[in-house]
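So for the sequence shown, my numbering puts the first residue at 635; every next one is plus one. All C-beta atoms, glycine included, are put in the ideal place defined by N, C-alpha and C. Here the structure is a predicted model, which is why all the values come from computation and not from measurement. Everything on this sheet refers to the single structure shown next.
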Amino acid sequence: MKSHIKFICLVILASCGGNSKNSNLELSNFIKPEYSFKESSLNCKLVEGQTLNSVERFIPRFISSFEKMRDNSEELYFLFPVKEESTETQFFDLLLKHSEATSLDRFNLTLATLSFNEIANCNGFTVSNNSLRLTNQINSDSPVISEILECEYIDGFNYATMKLVLEQFTDALIKNNSPVDVLYSEQEGMNNKFKWTNIFLSLDSRRDFVESWQALEVSKEIQGLLLEQSICQSSKTYRQYKVL
């Protein structure tokens with residue numbers, strides 16, 4: 635009920651200026667995400683003749699070297715696309731969670747020093763995303779399933795208008811003890827786009843969550859509100875391993 639009242643208040647506030655688009659833009663000036671960390675990623679492809687075993691052997695060497703200079707708040711994850719077991723993986727991502735821009739310099743220096751380019755060809759780090767956790771119920775230290783959606787706000791909408799929908803969504807997750815963590819990210823300087831990440835304990839956990847969530851009446855309402863404000867590409871699913 636509280637979330638419904640919040641949403642009604644938002645609609646009233648957005649209509650006060652006579653132009654909802656302008657009102658939404660003004661609203662975004664004082665309702666901002668409270669980011670807690672940054673995310674930067676590398677998209678990599680194995681060099682011909684190399685395998686994931688090569689990557690696995692590289693990880694202890696990297697940890698030993700990077701530990702000497704890294705900030706204790708930095709976290710590193712390897713993400714491998716979920717594929718059929720018979721399909722050999724050639725592509726993977728490195729995901730660095732950090733607080734300072736200098737983290738990327740130290741990270742790149744370590745990769746270069748250890749000649750990681752002999753194992754995999756990686757593009758430069760994408761522009762960092764500012765991120766926040768909407769829920770924090772799963773220990774992602776163990777291998778987990780990461781589902782990522784790239785989204786774009788419909789013209790006139792932004793985080794300020796989406797915030798109450800996100801609160802309604804997280805309230806429903808907590809109320810139903812849903813085993814999922816959700817992260818919201820925006821690329822620096824690009825607040826018309828955002829990334830939505832769901833973290834599950836396993837593929838079975840993801841399937842069970844989808845079935846139970848779709849059975850809830852509130853899910854239809856929240857999905858409708860999300861579709862009113864944004865457009866998302868098809869999700870990409872990864873097996874995510876934390877190494878630091």
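- If you check the CB distance, I697 and K797 do not come in under 8 Å.
- When rounded, the separation of the alpha-carbon atoms in S688 and G790 is 48 Å.
- Our two residues, D838 and V778, have alpha carbons roughly 11 Å apart in a direct line.
- Per DSSP, the unbroken alpha helix (DSSP H) holding L798 starts and ends at Y793 to K809.
- In the three-state reduction of the DSSP assignment, P694 falls in the helix class, which pools H, G and I.
- A Cβ-Cβ contact shorter than 8 Å links Q802 with I856.
- With a beta-carbon spacing of about 18 Å, L713 and F700 fall beyond the 8 Å limit used to define contacts.
- With a 10 Å radius around the Cβ and a threshold of 16 neighbouring Cβ atoms, E722 comes out exposed.
- The Cβ atoms of E673 and S780 do not sit closer than 8 Å to each other.
- Of all alpha-carbon atoms in I808, M824, R841 and V681, the one lying nearest the alpha-carbon of C756 is that of V681.
- In terms of CA proximity to T871, I833 leads the group G858, I833 and K854.
- Inclusion of N826 and E786 in the CB contact set at 8 Å is warranted, their separation being smaller than that value.
- Distance from the CA of Q863 to the CA of P667, rounded to the nearest whole angstrom, comes to 17 Å.
- The Cβ atoms of C678 and A754 sit closer than 8 Å to each other.
- Ranking Q684, L710 and V799 by CA distance to the CA of Q724 puts Q684 first.
- CA-to-CA, the gap between N792 and M824 works out to about 11 Å.
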